[in-house]
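These notes are about the structure you will find just below.
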Amino acid sequence: MDTLASFLRAHSRGGCIPLAIQKGAANRFRCAFARVEEEILKLGLMPERYLRNRQTITTENQLRLLQSHVAVIGCGGIGGYVIEELARTGIGTLTLIDPDTFEEHNLNRQLLATLESIHEPKVAAAERRVAAINPAVTVIAHQCALSRENGPDLMDGAQVAVDGLDGIPSRMVLAEVCEALDIPLVHGSIAGWYGQLTTQYPGDRTLQKMFSGYSSETGIEETLGNPSFLPPLVASMEAAETVKVLLGEGTPLRCRLLSVNLLDMEFADIPIKE
Amino acid sequence: MHITVKLFATLRRGRFDREILDCPGSTKVLDIVTRLAIPEKQAAIIFINSRHGGLDTELHEGDTLALFPPVGGG
């Protein structure tokens with residue numbers, strides 16, 4: 453009998469399924485591309501696009517990532533690169549939240565800001581980009597600002613939230629929404645030559661405690677700006693943390709603040725005690 | 016008493032990255048921030064011996080105080 457599984461087995465090349473076969477299977481068996489990907493991974497085969505993940509992300513873990521759901525809040529400098537990396541990694545569902553459209557002054561650093569995307573909603577450009585990279589990824593896009601009220605609905609189902617926000621008060625909102633949803637939050641922020649990261653689990657309240665005495669809207673990015681090289685660096689670290697949290701591998705940046713200083717090329721890993 | 020002060024990011028400019036300051040007893044974080052001419056709002060994150068602290072936290076002999084500016088861009 454011609455089943456999806458037998459079709460895939462018959463067309464695997466050295467344990468790999470090329471993109472054309474995966475697309476062909478989706479057409480032939482009238483199912484979603486992501487469904488075919490799930491079947492490929494369940495058979496212990498690997499879509500060819502993930503071949504170079506193999507030693508780092510096993511077939512079993514690739515399936516777990518496909519079945520994972522991550523929310524990226526803020527789709528600008530950091531968020532754009534986070535989305536790119538998570539889509540290429542093969543995270544199955546990405547919820548993207550951002551109220552803004554691209555402006556000219558985003559062109560110095562934001563991956564998804566191009567001459568064509570100026571004035572386009574950031575989440576729409578992100579959705580287009582993900583579709584162009586990896587059709588196995590489902591995007592749920594919300595063009596609005598996150599609030600304590602809408603957050604639990606917008607991020608429903610997400611297992612991890614990734615901070616791509618701008619400003620400190622909005623991050624406090626995100627931290628509280630994550631607390632309400634009982635999910636981990638991967639935080640990263642940037643300004644000039646500097647950046648910082650931490651990963652917090654429900655109950656840690658690292659960010660809330662860290663900024664407990666701080667009330668201003670913006671930080672030093674207001675005067676320093678954000679050059680091109682900080683967003684991809686901090687975004688990559690956030691993407692790595694996200695994959696680790698989803699897979700339960702490695703040592704997350706929990707109860708630690710990683711302070712990045714590219715001017716002196718210094719990375720300070722500061723433990724945070726209760 | 017002696018307090019080790021570590022400054023991060025922009026707070027180092029015109030100051031230092033790590034220094035041991037000789038301080039009178041009952042010194043609070045705010046006293047050191049003022050002494051170093053750091054605007055209060057620039058001392059956004061305060062750790063004392065790796066624990067969260069505030070401007071009004073009193074310091075003790077041998078404490079390590081780490082100060083970070085607000086880094087809020089994305």
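Line order of the protein sequences matches chains A and B. For the first sequence, this note's numbering assigns the number 453 to the initial residue and increments by one for each residue that follows. For the second sequence, this note's numbering assigns the number 16 to the initial residue and increments by one for each residue that follows. Note that beta-carbon positions come from the ideal geometry of N, C-alpha and C, so glycine has one too. Remember, it's a predicted structure, so these values are computed and weren't measured experimentally.
Cross-chain neighbours of B:A52 in chain A, by beta carbon under 7 angstroms: The residue given as residue 52 of chain B occupies position 37 in the second sequence. Under the 7 angstroms cutoff, chain A gives no residues; its nearest Cβ is about 16 angstroms from B:A52.
C-alpha gap between A:V629 and A:R480, whole angstroms: Translated into the one-based positions of the first sequence, residue 629 of chain A becomes position 177. Translated into the one-based positions of the first sequence, residue 480 of chain A becomes position 28. Just so you know, the alpha carbons of A:V629 and A:R480 end up roughly 42 angstroms apart.
Nearest-angstrom beta carbon gap, A:Y502 and A:Q519 [assumed within contact, 8 angstroms]: The residue labelled residue 519 of chain A in the question sits at position 67 within the first sequence. The residue labelled residue 502 of chain A in the question sits at position 50 within the first sequence. That belief does not hold up - the Cβ atoms of A:Q519 and A:Y502 are roughly 14 angstroms apart, past 8 angstroms.
Closest by C-alpha distance to B:I53, when choosing among B:A24, B:D37, B:G89: Within the second sequence, residue 53 of chain B is the residue found at index 38, counting from 1. Here the closest residue by C-alpha is B:A24.
Interface flag, B:I47 vs chain D, CB-CB below 7 angstroms: Reference to chain D is not applicable here, since the protein chains of this structure are A and B.
Those runs of the beta strand (DSSP E) which lie wholly inside the stretch 515–556 of chain A and span at least 3 residues: 521–525, 545–549, all fully within the stretch 515–556 of chain A.
Nearest candidate by alpha-carbon position, reference A:A472, set A:W645, A:N586, A:T510: Along the first sequence, read from residue 1 onward, the residue named residue 472 of chain A stands at position 20. That would be A:N586, whose Cα lies nearest to the Cα of A:A472.
Touching by the beta-carbon criterion (3+ pairs, under 8 angstroms), the stretch 517–534 of chain A and the stretch 543–557 of chain A: Yes: the two stretches touch, three or more of their Cβ pairs being nearer than 8 angstroms.
Continuous beta strand (DSSP E) assignments of at least 3 residues falling wholly in the stretch 575–606 of chain A: Segments of the beta strand (DSSP E) lying fully in the stretch 575–606 of chain A: 590–594.
Classification of A:M607 by the beta-carbon crowding that lies within 10 angstroms, buried from 16 upward: Mapped onto the first sequence, residue 607 of chain A falls at position 155. Buried.
Nearest-angstrom Cβ-Cβ length linking A:R561 and A:N713, presumed shorter than 8 angstroms: Here residue 561 of chain A refers to the residue found at position 109 of the first sequence. Here residue 713 of chain A refers to the residue found at position 261 of the first sequence. Not a contact, Cβ separation roughly 18 angstroms.
The stretch 64–78 of chain B: positions lying closer than 7 angstroms to chain A by Cβ: Per Cβ criterion, the list reads S65, R66, H67, G69, L70.
7 angstroms Cβ cutoff met for A:Q660 and A:S711: Along the first sequence, one-based indexing puts residue 660 of chain A at 208. Along the first sequence, one-based indexing puts residue 711 of chain A at 259. Cβ atoms of A:Q660 and A:S711: not closer than 7 angstroms.
Rounded straight-line distance, which links the Cα of B:R27 to that of A:R581: Taking the first residue of the first sequence as 1, we reach residue 581 of chain A at position 129. Taking the first residue of the second sequence as 1, we reach residue 27 of chain B at position 12. Separation of A:R581 and B:R27 (C-alpha to C-alpha, rounded to the nearest whole angstrom) is 40 angstroms.
Extent of the continuous alpha helix (DSSP H) run through A:E690: What you label residue 690 of chain A is simply residue 238 of the first sequence in a count that begins at 1. Element bounds for A:E690: 682–699.
Under the three-state DSSP convention, the category B:T72 falls into: For this step, residue 72 of chain B is matched to residue 57 along the second sequence. When secondary structure is reduced to three states using DSSP, B:T72 falls in the coil class, being assigned neither helix nor strand.
Beta-carbon gap between A:F485 and A:A578 smaller than 7 angstroms: Locating residue 485 of chain A in the first sequence gives position 33, where the first residue counts as 1. Locating residue 578 of chain A in the first sequence gives position 126, where the first residue counts as 1. No. Outside cutoff.
Secondary structure of B:A24, DSSP reduced to three states: In the second sequence, counting from the first residue as 1, residue 24 of chain B sits at position 9. Residue state, collapsed to three classes: helix.
Chain B within 7 angstroms of A:L714, Cβ atoms only: In the first sequence, counting from the first residue as 1, residue 714 of chain A sits at position 262. No - not a single Cβ of chain B is within 7 angstroms of the one on A:L714.
Within chain A, partners of B:E43 - CB distance below 8 angstroms: Here residue 43 of chain B is taken as the residue at index 28 of the second sequence, counted from 1. Reading off the sequence shown, one finds Lys at residue 43 of chain B, where the question assumed Glu. Within chain A, no residue has its beta carbon less than 8 angstroms from that of B:K43; the closest one is some 13 angstroms off.
Close-in-space but distant-in-sequence residues of the same chain around A:I672 (CB under 8 angstroms, 5 per side omitted): Here residue 672 of chain A refers to the residue found at position 220 of the first sequence. A643, G644, Y646, listed in sequence order.
Candidates A:P573, A:T703, A:A627, A:T675: closest to B:V86 by CA position: Residue 86 of chain B sits at position 71 when you count from the first residue of the second sequence. Of the candidates A:P573, A:T703, A:A627, A:T675, A:T675 places its Cα closest to the Cα of B:V86.
A:S711 (DSSP reduced to helix, strand or coil): Taking the first sequence and counting its residues from 1, the one referred to as residue 711 of chain A is at position 259. DSSP, reduced to helix, strand and coil, places A:S711 within a strand of the structure shown.
Cutoff 7 angstroms: A:Q648 Cβ touching any chain B Cβ: Within the first sequence, numbered from 1, the residue matching residue 648 of chain A stands at position 196. By this cut-off, A:Q648 is an interface position.
Neighbouring residues, chain B, relative to A:M662 (Cβ below 7 angstroms): Start at 1 with the first residue of the first sequence, and residue 662 of chain A comes out as number 210. In chain order: I60, H67.
Which of helix, strand or coil DSSP assigns to B:P39: Residue 39 of chain B sits at position 24 when you count from the first residue of the second sequence. If DSSP states are grouped into helix, strand and coil, B:P39 belongs with coil.
Span separating the alpha-carbon of B:F62 from that of B:T42: On the second sequence, residue 62 of chain B is found 47 positions in, with the first residue counted as 1. On the second sequence, residue 42 of chain B is found 27 positions in, with the first residue counted as 1. Looking at the two C-alpha atoms, the distance is approximately 15 angstroms.
CB contact flag (A:I492, A:I509, <7 angstroms): Your numbering for residue 492 of chain A matches position 40 in the first sequence. Your numbering for residue 509 of chain A matches position 57 in the first sequence. 7 angstroms or more divides the Cβ of A:I492 from the Cβ of A:I509.
Whole-angstrom distance between A:T455 and A:I620, CA atom to CA atom: Mapped onto the first sequence, residue 620 of chain A falls at position 168. Mapped onto the first sequence, residue 455 of chain A falls at position 3. One C-alpha to the other measures close to 52 angstroms.
DSSP-derived helix/strand/coil call for B:I60: Position 45 of the second sequence, counted from the start, is the residue given in the question as residue 60 of chain B. Of the three classes helix, strand and coil, the one that applies to B:I60 here is strand, per DSSP.
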